[in-house]
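Trainee: In our numbering, the protein residues as written are 1 to 477.
Glycine included, each C-beta is placed from N, C-alpha and C at the ideal position.
For clarity, every value in this text was computed on a predicted model and none was experimentally measured.
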Ligand code: B12
């Protein structure tokens with residue numbers, strides 16, 4: 001059979017990271033690799049929007065799309081276009097937002113919604129389709145039937161990710177030279193684990209796996225890594241370092257294999273503090289930047305997020321990473337009651353700590369499916385999924401929204417200049433990358449969008465959404 005996998009573009013109203021990075025759709029590369037007996041193509045609509053032409057040329061039997069929240073409506077468009085093109089095409093949606101909020105995809109032109117890690121369910125769907133049999137007894141699906149969603153029996157979480165095939169990176173061969181992540185290009189992604197066991201109330205990743213950490217064996221990761229041609233590798237995990245012994249072993253295997261690459265990884269600050277030697281070793285192995293949610297510069301703000309960490313821990317983590325010669329990309333949550341004083345405090349904090357090369361200022365965003373969404377559901381200003389991009393203010397703020405975006409712009413410019421200064425000191429090779437022009441244009445675009453961002457919460461929600469109002473779903477278990 002012919003299977004077309006589509007990464008829908010993020011929505012037009014979406015701003016932020018989408019203008020500063022383009023990264024391979026790793027989930028779809030894994031899904032594509034899981035059905036090796038079939039002819040698979042991957043259309044990354046972030047870089048090629050010709051869906052109609054691809055359908056016409058390839059004539060697929062199955063169209064599968066992925067879904068982050070900001071892709072909700074474009075994913076609908078992909079599914080609808082495929083069905084309109086040929087009603088016999090089987091349309092399947094999977095991915096992060098479809099898992100947390102399947103009701104957002106309850107539409108007559110969507111045949112199946114895959115919940116959670118998608119490999120076995122997709123293999124079964126393809127096999128049943130080949131045999132022209134029903135999907136009703138495939139576990140872990142939501143099936144739109146006569147306007148309602150019918151859930152099949154739940155699929156137990158996998159114990160590890162070792163059942164997954166290696167991603168088929170040849171599916172994105174045509175795009176690879178255009179992928180970049182902030183100041184790095186070309187870039188490849190790898191997944192070494194999924195999920196996080198901590199209960200931060202704003203995070204949707206822990207909900208995706210019901211607060212379980214699901215790991216891939218170091219031996220398999222090294223095998224996958226050794227097939228990657230790009231020098232810079234982004235770890236697409238929620239918290240790579242949660243299992244310290246696994247990361248020790250992975251480190252040792254990478255060293256033994258003589259793999260020399262540069263890495264961008266995620267870790268909680270408390271994990272750095274508990275394992276300084278491990279981070280020293282990984283720094284020597286090639287970790288350039290550790291991305292960590294510091295979240296706040298005072299403990300009161302931190303505890304409101306159920307982060308189970310504190311400012312003292314952040315401080316010690318920064319010292320350790322500084323000593324290791326690793327840069328930090330620090331995320332801070334912009335709370336709804338912030339005034340300019342709070343932005344200024346974060347800015348001063350960052351200015352005084354040269355190890356922080358990048359800063360993210362993220363408006364508190366109740367992502368559907370999280371505990372925060374449940375708490376704030378009656379308070380959200382809009383259900384428009386395109387602006388649930390961690391860059392818009394979704395809940396009412398103490399200051400007028402226009403003022404909040406002005407402050408966000410003002411302090412983001414400081415972030416940009418500081419990043420340029422610090423990266424030149426820290427990692428001089430970054431300054432020379434040719435895709436820097438894309439980054440500059442992206443940053444200007446975001447700055448322009450932020451000027452009008454306060455108006456976006458009033459944009460009417462597209463009909464697909466209005467028909468199926470979202471309520472938070474529980475994690476798949
Ligand atoms: C790498 C990454 C990015 C990359 C882009 C990756 C890409 N090509 O789409 C960059 C850095 C550009 C990025 C940007 C953004 N991201 Co991002 N990103 C991630 C991250 C860290 C890893 C994604 C990944 O590769 N995972 C590994 C792959 C293997 O898993 P997967 O994609 O989920 O696929 C599996 C299943 O979902 C399923 N599946 C997926 N698709 C399909 C399709 C079918 C047909 C089937 C059957 C199954 C299936 O099977 C796959 C194999 O198991 C996740 C965190 C996370 N836990 O996922 C956040 C995450 C996805 N990002 C998120 C967000 C909010 C954003 C941004 C809006 C803003 C921001 N500040 O990050 C922007 C906008 C992105 C856009 N589309 O425009 C949120 C999404 C929340 C949500 N509810 O949807 C996440 C979950 C992080 C979070 N903070 O909560 N991101």
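Provide the residue span of the alpha helix (DSSP H) that contains residue 329, from first to last.
Mentor: Premise fails: residue 329 lies in the beta strand (DSSP E), 327-334, not in any alpha helix (DSSP H).
Trainee: Can you give the Cα-Cα distance for residue 24 and residue 43, rounded to whole angstroms?
Mentor: Their backbone Cα atoms lie some 11 Å apart in a straight line.
Trainee: What does DSSP give as the partner residues of residue 193 in its beta bridges?
Mentor: Paired residues: 215.
Trainee: I'd like the list of long-range same chain contacts for residue 334, defined as Cβ closer than 6 Å, with 5 residues on each side in sequence excluded.
Mentor: 361, 363.
Trainee: Do residue 153 and ligand 1 come close, with the Cβ less than 8 Å from some heavy atom?
Mentor: No, ligand 1 has no heavy atom inside 8 Å of this Cβ.
Trainee: What separation, rounded to the nearest whole angstrom, lies between the Cα atoms of residue 230 and residue 172?
Mentor: When rounded, the distance between both Cα atoms is 13 Å.
Trainee: Roughly how many angstroms lie between the CA atoms of residue 85 and residue 274, to the nearest whole one?
Mentor: Between residue 85 and residue 274, the C-alpha separation is close to 55 Å.
Trainee: Among 280, 367, 377, whose alpha-carbon lies nearest the alpha-carbon of residue 322?
Mentor: Residue 280 is the option with its Cα nearest to residue 322.
Trainee: Check whether the Cβ of residue 49 sits closer than 8 Å to any heavy atom of ligand 1, and report yes or no.
Mentor: False, no ligand heavy atom lies under 8 Å from that Cβ.
Trainee: What is the DSSP secondary structure of residue 7, reduced to helix, strand or coil?
Mentor: Residue state, collapsed to three classes: strand.
Trainee: Could you check the C-alpha separation between residue 416 and residue 92 for me, to the nearest Å?
Mentor: Residue 416 and residue 92: Cα-Cα distance of roughly 40 Å.
Trainee: What is the DSSP secondary structure of residue 434, reduced to helix, strand or coil?
Mentor: Coil, per DSSP.
Trainee: Cβ of residue 73 within 8 Å of any heavy atom in ligand 1?
Mentor: No.
Trainee: Report whether the distance from the Cβ of residue 175 to the nearest heavy atom of ligand 1 is below 8 Å.
Mentor: Residue 175: no, Cβ never under 8 Å from ligand 1.
Trainee: Apart from the five residues just before and just after residue 359, which ones in its own chain have a Cβ nearer than 6 Å to its Cβ?
Mentor: Closer than 6 Å at the Cβ level, and outside the excluded window around residue 359, lie 330, 350, 415.
Trainee: With hydrogens ignored, establish whether the beta-carbon of residue 168 is closer than 8 Å to any heavy atom of ligand 2.
Mentor: Only ligand 1 can be found as ligands here, which leaves ligand 2 out of the picture.
Trainee: Could you spell out the range, first to last residue, of the alpha helix (DSSP H) harbouring residue 74?
Mentor: Element bounds for residue 74: 72-85.
Trainee: Considering only their Cβ atoms, is the gap separating residue 228 from residue 188 smaller than 9 Å?
Mentor: Yes, Cβ-Cβ distance for residue 188 and residue 228 is below 9 Å.
Trainee: Does any heavy atom of ligand 1 sit closer than 8 Å to the C-beta of residue 97?
Mentor: Within the cutoff, so yes.
Trainee: Look at the Cβ atom of residue 115, then the Cβ atom of residue 81, and state whether they are nearer than 9 Å.
Mentor: For residue 115 and residue 81, no; Cβs fall outside 9 Å.
Trainee: Using only alpha-carbon positions, find the residue among 7, 6, 13 that is nearest to residue 389.
Mentor: Of the listed residues, the one whose Cα sits closest to residue 389 is 13.
Trainee: Please state whether DSSP places residue 277 in a helix, a strand or coil.
Mentor: Reduced to three states, the DSSP call for residue 277 is helix.
Trainee: What is the DSSP secondary structure of residue 135, counted as helix, strand or coil?
Mentor: Residue state, collapsed to three classes: coil.
Trainee: For residue 210, is the classification buried or exposed, using 16 other Cβ atoms within 10 angstroms of its Cβ as the cut-off for buried?
Mentor: By the neighbour-count rule (16 or more Cβ atoms within 10 Å), residue 210 is not buried but exposed.
Trainee: Under 8 Å: do the stretch 31-50 and the stretch 100-107 share three or more Cβ pairs, one atom per stretch?
Mentor: The answer is no - the stretch 100-107 does not touch the stretch 31-50, with fewer than three Cβ pairs under 8 Å.
Trainee: Report, in whole angstroms, the separation of the C-beta atoms of residue 271 and residue 26, which I expect to be a contact under 8 Å.
Mentor: At roughly 23 Å, the Cβ-Cβ gap does not stay under 8 Å, so residue 271 and residue 26 are not in contact.
Trainee: Determine the direct distance from the alpha carbon of residue 294 to that of residue 133, and round the result to whole angstroms.
Mentor: For residue 133 and residue 294, the distance between alpha carbons rounds to 50 Å.
Trainee: Whole angstroms are fine: how far does the CA of residue 167 sit from the CA of residue 32?
Mentor: Their Cα atoms are separated by approximately 8 Å.
Trainee: Tell me the DSSP secondary structure of residue 172 in three-state form.
Mentor: If DSSP states are grouped into helix, strand and coil, residue 172 belongs with the helices.
Trainee: Is the distance from the Cβ of residue 106 to the Cβ of residue 142 below 9 Å?
Mentor: Cβ distance < 9 Å, so residue 106 and residue 142 count as in contact.
Trainee: Kindly examine ligand 1 and report whether one of its heavy atoms sits closer than 8 Å to the Cβ of residue 450.
Mentor: Checking the Cβ of residue 450 against ligand 1 gives no.
Trainee: Would you tell me roughly how many angstroms separate the C-alpha atoms of residue 527 and residue 240, rounded to the nearest one?
Mentor: Nothing can be reported for residue 527: it is not among the residues displayed for the chain, which extend from 1 to 477.
Trainee: Quick check: does the Cβ of residue 483 come within less than 8 Å of any heavy atom belonging to ligand 1?
Mentor: The displayed coordinates of the chain run from 1 to 477. Any statement about residue 483 would go beyond what the structure contains.
Trainee: Tell me whether residue 35 sits in a helix, a strand or coil according to DSSP, three-state version.
Mentor: Here residue 35 sits in coil by DSSP.
Trainee: Can you give the Cα-Cα distance for residue 394 and residue 292, rounded to whole angstroms?
Mentor: Near 23 Å, if we compare the C-alpha coordinates of residue 292 and residue 394.
Trainee: Excluding the 5 residues preceding and the 5 following residue 34 in the sequence, name in chain order all residues of the same chain whose CB lies nearer than 7 Å to its CB.
Mentor: Hits under 7 Å: 119, 122, 123, 165.
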